[in-house]
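What follows is one structure encoded as structure tokens, with my remarks underneath.
Residue numbers (our numbering): 267 to 338.
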């Protein structure tokens with residue numbers, strides 16, 4: 267699930283809780299959503315963990331060279 271879909275399918279309180287768990291803010295995530303900020307690879311990984319895998323780092327930053335899942 268990408269960030270846009272996550273925002274659309276969860277209420278603001280839940281998105282804010284996931285943001286806090288990932289050590290970022292709702293405002294920063296909104297900036298990423300609207301293209302005003304660029305999410306780091308580290309934040310993408312933290313969001314994957316904070317969302318219990320609903321959002322994956324690969325979906326959040328498909329432009330980065332993530333290891334293939336077959337290599338695991």
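Quick reminder that beta carbons are idealized off the backbone N, C-alpha and C, glycines included.
Any C-beta of chain B under 8 Å from that of residue 279: Absent from the structure: chain B. Only one protein chain is present.
Length of the line joining the Cα atoms of residue 317 and residue 284: Working through the chain shown from its first residue, we reach residue 317 at position 51. Working through the chain shown from its first residue, we reach residue 284 at position 18. Roughly 6 Å between the two C-alpha positions.
C-alpha distance - residue 332 paired with residue 306, whole-angstrom precision: For the purposes of this step, residue 332 is taken as the residue at position 66 of the chain shown. For the purposes of this step, residue 306 is taken as the residue at position 40 of the chain shown. If you take the alpha carbons of residue 332 and residue 306, they lie about 13 Å apart.
Exposure label - residue 330; buried when at least 16 CB within 10 Å: Looking up residue 330 in the chain shown gives position 64. With fewer than 16 other Cβ atoms within 10 Å, it is exposed.
Beta-carbon spacing of residue 298, residue 320 below 8 Å: For this step, residue 298 is matched to residue 32 along the chain shown. For this step, residue 320 is matched to residue 54 along the chain shown. Against a cut-off of 8 Å, the Cβ pair of residue 320 and residue 298 comes out as no contact.
DSSP state of residue 307 mapped onto helix, strand, coil: Residue 307 sits at position 41 when you count from the first residue of the chain shown. Correct three-state label for residue 307: helix.
Near the ligand HEM: residue 325 beta-carbon under 7 Å from a heavy atom: Of ligands this structure carries none, so the ligand HEM is not represented either.
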